[in-house]
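Undergrad: In our numbering, the protein residues as written are 46 to 295. For each residue, glycine too, the CB sits at the ideal point set by N, CA and C. Every value quoted in this text rests on a predicted model; they were computed, and no experiment measured them. Below you'll find the structure I mean.
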């Protein structure tokens with residue numbers, strides 16, 4: 046069982062094209078937020094149409110799990126909080142999106158939306174608490190765009206940034222793996238990384254590079270290894286390594 050994980054594509058057509066070629070080597074594709082680019086030349090509605098076409102093509106190859114990021118927000122909910130409403134309307138076979146959970150080959154994958162207010166934040170917490178009660182023996186994976194505060198995957202070159210809420214949820218609910226992004230350069234800084242360990246939980250951020258090939262992480266559950274690929278080469282870690290917390294104290 047192999048997952049391919051990317052994030053922060055930001056409407057890079059060449060990187061979406063690369064995924065079409067690469068996806069078949071894996072059993073599932075995870076897009077961990079920021080599919081769109083709010084600062085892009087194309088308007089958001091056009092980007093949504095194009096990205097949905099790519100999702101349909103990718104889903105014809107492998108199952109796809111997609112969470113929203115801060116660049117994917119196109120509307121407001123009833124409480125006036127910004128949200129990725131378009132993603133809720135994606136109805137493509139083999140594509141799972143925000144607020145959905147999917148069981149797949151021994152995994153339970155919970156897909157969390159980007160939140161910008163108390164209502165959406167509460168819904169994320171309720172979703173994760175509900176899934177915690179029904180995970181059973183499945184390996185529990187969260188797809189959550191922002192990295193946890195204090196994690197090396199949240200280092201932005203100056204401070205450990207990220208989301209304090211997800212850090213608290215990780216400590217309380219103890220998922221096996223959290224897949225995110227958001228902080229583009231953390232894997233490229235000496236004080237940052239593409240991976241971290243917070244107690245029992247592995248945290249990953251593939252980062253972003255300006256290239257026709259995205260940075261990506263391949264997680265192989267048969268060999269229990271994770272490999273990060275970027276313009277700097279490849280790096281592999283053993284997911285069965287003894288438990289160790291790499292993050293600095295927060």
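With contact counted as at least three CB pairs below 8 angstroms, one residue from each stretch, are the stretch 161 to 179 and the stretch 117 to 131 in contact?
TA: These segments touch.
Undergrad: On the CB-based measure, 16 or more other CB atoms within 10 Å of its CB, does residue 65 come out buried or exposed?
TA: Answer is exposed; the Cβ neighbour count stays below 16.
Undergrad: Out of 134, 78, 228, point me to the one whose CA is closest to residue 54's CA.
TA: Answer by Cα proximity: 78.
Undergrad: Could you pull the start and end residues of the alpha helix (DSSP H) that residue 59 belongs to?
TA: Looking at the DSSP string, the run of the alpha helix (DSSP H) that includes residue 59 is 58 to 67.
Undergrad: Check whether the Cβ atoms of residue 51 and residue 110 sit closer than 8 angstroms, and answer yes or no.
TA: Taking 8 angstroms as the Cβ cut-off, residue 51 and residue 110 do not qualify as a contacting pair.
Undergrad: Have a look at the DSSP bridge pairing and note the partners of residue 147.
TA: For residue 147, which the question treats as bridged, DSSP gives the partners 154.
Undergrad: Use the C-beta contact count for residue 153: other C-beta atoms within 10 angstroms, 16 or more gives buried, fewer gives exposed.
TA: Under this definition residue 153 is a buried residue.
Undergrad: Can you list, in chain order, the stretches of the beta strand (DSSP E) that have 3 or more residues and sit fully within the stretch 148 to 231?
TA: Counting only runs of 3 or more, we get 152 to 156, 184 to 188, 222 to 224.
Undergrad: In this structure, does DSSP put residue 104 in helix, strand or coil?
TA: If DSSP states are grouped into helix, strand and coil, residue 104 belongs with the helices.
Undergrad: Got a sec? Which residues, its chain only, sit under 6 angstroms from residue 159 by beta carbon, not counting five neighbours each side?
TA: Excluding residues within five positions, the ones whose Cβ falls inside 6 angstroms are 113, 114, 115, 190.
Undergrad: Just how far apart, CA to CA, sit residue 276 and residue 74?
TA: Roughly 20 angstroms separates the two Cα atoms.
Undergrad: Around the C-beta of residue 209, are 16 or more other C-beta atoms found within 10 angstroms, so that it is buried, or is it exposed?
TA: Answer is exposed; the Cβ neighbour count stays below 16.
Undergrad: Quick check on this structure: which residue in 70, 80, 47 has the alpha carbon closest to the alpha carbon of residue 58?
TA: Among 70, 80, 47, the Cα nearest to that of residue 58 is on 80.
Undergrad: Taking just the CA atoms, how far does residue 195 sit from residue 294?
TA: Here the model assigns residue 294 a pLDDT of 39, short of 50, so the residue's position is not dependable, and the following value carries that caveat. One C-alpha to the other measures close to 7 angstroms.
Undergrad: Given a cut-off of 8 angstroms, decide if residue 101 and residue 265 are closer than it, judged by their beta-carbon atoms.
TA: Not in contact: residue 265 and residue 101 (Cβ atoms no closer than 8 angstroms).
Undergrad: Within 10 angstroms of the Cβ of residue 212, are there 16 or more other Cβ atoms? Answer buried if so, exposed if not.
TA: So residue 212 counts as buried.
Undergrad: From which residue to which residue does the alpha helix (DSSP H) around residue 132 run?
TA: Taken as a continuous stretch (DSSP letters only), the alpha helix (DSSP H) holding residue 132 covers 130 to 133.
Undergrad: Just to confirm, are residue 256 and residue 228 a CB contact at a threshold of 8 angstroms?
TA: Result no, Cβ atoms of residue 256 and residue 228 do not sit closer than 8 angstroms.
Undergrad: Which stretch, first to last residue, makes up the beta strand (DSSP E) that contains residue 77?
TA: Taken as a continuous stretch (DSSP letters only), the beta strand (DSSP E) holding residue 77 covers 73 to 77.
Undergrad: Just to confirm the assignment, what range does the beta strand (DSSP E) spanning residue 275 have?
TA: It spans 270 to 275 - the beta strand (DSSP E) in which residue 275 sits, taken as one unbroken run.
Undergrad: Under three-state DSSP, which class holds residue 293?
TA: Legend: pLDDT at residue 293 = 47, less than 50; position of this residue unreliable, value from coordinates given subsequently. Three-state DSSP puts residue 293 in coil, outside helix and strand.
Undergrad: Suppose you measure from the CA of residue 72 to the CA of residue 122; what does that come to, to the nearest Å?
TA: Straight-line Cα distance between these residues: approximately 34 angstroms.
Undergrad: Identify, in the order they occur along the chain, each residue of the same chain with its Cβ nearer than 6 angstroms to the Cβ of residue 203, setting aside the five sequence neighbours on each side.
TA: Nothing listed; no residue qualifies.
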